[in-house]
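Here the structure is laid out as structure tokens; the discussion comes afterwards.
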Ligand code: PGA
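Numbering (our numbering), first residue to last: 157 to 408.
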């Protein structure tokens with residue numbers, strides 16, 4: 157049985173004080189509950205402060221990106237071990253904004269995934285089609301190419317430690333949410349890819365989150381789909397009440 161996993165991707169939002177207040181508020185509201193896995197991914201400069209704010213809670217810390225090299229002359233970049241040093245358990249890799257705004261390729265993402273796993277960080281690897289790709293009937297092939305490229309070379313054991321997030325680009329930050337049936341179809345395709353690339357044990361174990369305008373009002377229906385194991389939440393992760401509402405949706 158895959159435990160639901162709700163992660164908040166704060167992107168480039170909030171001040172230090174707001175980040176700490178949000179993290180503390182969530183830690184307080186979540187209390188001792190462990191039935192749903194929860195993580196928050198603040199901007200990297202606030203990781204340390206947020207780590208302190210959630211210490212003693214069941215909330216895990218995640219980063220939004222990292223570089224694949226372990227150390228050296230890579231101005232502006234952050235390594236896996238640095239993220240672990242400030243308390244990260246997870247790292248989001250290949251988010252669509254990194255793919256399409258910052259130009260990250262599947263090959264670059266794959267290097268990061270490999271480096272994260274080698275260091276013991278758990279990657280949340282994002283895949284998803286753009287609107288024109290969906291309209292051209294290319295959703296399945298785009299997602300398959302990203303799956304194969306971003307996750308190339310992982311052992312079965314490494315694959316089981318990896319979380320996949322299906323995030324249709326047209327649904328991110330737009331208020332347009334994939335219908336539960338649209339999302340479930342892609343999630344089921346991804347699970348089939350896991351089965352054909354690995355085996356049924358791996359396919360049954362890997363958690364596949366949905367992301368794209370998840371809100372308290374649509375969370376329960378999305379998370380009720382058989383192959384949707386959680387949510388990667390942007391906008392609605394910035395308010396305690398909204399994020400808690402989505403966590404409640406995972407319990408429904
Ligand atoms: P959104 O973002 O919830 O604001 O659509 C999701 C994401 O990009 O991870």
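Idealized CB from N, CA, C, for every residue including glycine.
A quick note: this is a predicted structure, and the numbers were derived from the prediction, not measured.
Here the distance from the Cβ of residue 392 to the nearest heavy atom of the ligand PGA is below 7 Å.
With respect to the 8 Å criterion, residue 325 and residue 295 are not classified as neighbours on the basis of their beta carbons. Our two residues, residue 297 and residue 216, have alpha carbons roughly 33 Å apart in a direct line. Closest option to residue 358, judged by alpha-carbon separation, among 315, 265, 386, 256: 315. Residue environment analysis places residue 299 among the buried positions, since at least 16 neighbouring C-beta atoms fall within 10 angstroms of its C-beta. By alpha-carbon distance to residue 183, the top candidate from 200, 206, 173 is 206. Looking at the backbone, the Cα of residue 337 and that of residue 204 are separated by about 39 Å. Taking a contact to require three or more Cβ pairs closer than 8 Å, the stretch 250 to 265 and the stretch 276 to 283 qualify as touching.
DSSP links residue 387 through a beta bridge to 162, 366. For a cut-off of 8 Å, the C-beta gap from residue 248 to residue 306 is around 12 Å, too long to register as a contact. Taking C-beta atoms as the reference points, residue 178 and residue 170 count as a pair closer than 8 Å.
When the beta-carbon positions are compared, residue 209 and residue 237 stay at least 8 Å from each other.
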